[in-house]
Amino acid sequence: QQQNARYALIKDINGQTPLVLLLATSSSDEELNIESVRAFCQLAPECVSICDNFGRTPLHYLCENFQQESLSDLTIAQFFLGVDPSLALCTNCDGETALDRLWKSYGGCTNSNEFADFYFLAMAQLLLDSAFP
Numbered sequence: 157q158q159q160n161a162r163y164a165l166i167k168d169i170n171g172q173t174p175l176v177l178l179l180a181t182s183s184s185d186e187e188l189n190i191e192s193v194r195a196f197c198q199l200a201p202e203c204v205s206i207c208d209n210f211g212r213t214p215l216h217y218l219c220e221n222f223q224q225e226s227l228s229d230l231t232i233a234q235f236f237l238g239v240d241p242s243l244a245l246c247t248n249c250d251g252e253t254a255l256d257r258l259w260k261s262y263g264g265c266t267n268s269n270e271f272a273d274f275y276f277l278a279m280a281q282l283l284l285d286s287a288f289p
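Position in the sequence shown (first residue = 1) + 156 = my numbering.
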């Protein structure tokens, strides 16, 4: 298991771990597999706090690729923040927190509706509650 944990922490040329690649490559029409994310985190909990070469954590990626009306995104964010609440305050190389990335992602949504607004507000509240308990 220790050998497998090392694989979960390997970085590519951009400093991205397998967990970040999973988050960054999920398409807008599919929900992230919560169990896959949990497996990475149980294998190597420190993977939620690892930054890439641009200072982005897995939470940044999750918020950048925010899926409107996605319960899995909220569940994964709760899981990440449960492992490391300080992630809500981490800034990337541009000085942006995950909340900043969420706002930019959601601000670009053209098909906002009541449900999308609910999920956005729930995610924003989760980030704020973690940042300022």
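Using N, Cα and C, we set each Cβ at its ideal position, and we do this for glycine too. Note that this is a predicted model, so its numbers are computed, not measured.
- Around the CB of P214, 16 or more other CB atoms lie within 10 Å, so the residue is classed as buried.
- Straight-line measurement puts the Cα of P174 at about 7 angstroms from the Cα of I166.
- The beta carbon of L179 is closer than 6 angstroms to those of P214, Y217, L218 in its chain, skipping five residues each way along the sequence.
- For T247, the CB contacts under 6 angstroms within the same chain, skipping 5 residues up- and downstream, are T253 in chain order.
- As the crow flies, the alpha-carbon of A272 is around 13 angstroms from that of L258.
- For L227, the number of other beta carbons within 10 angstroms of its own is below 16, and it is reported as exposed.
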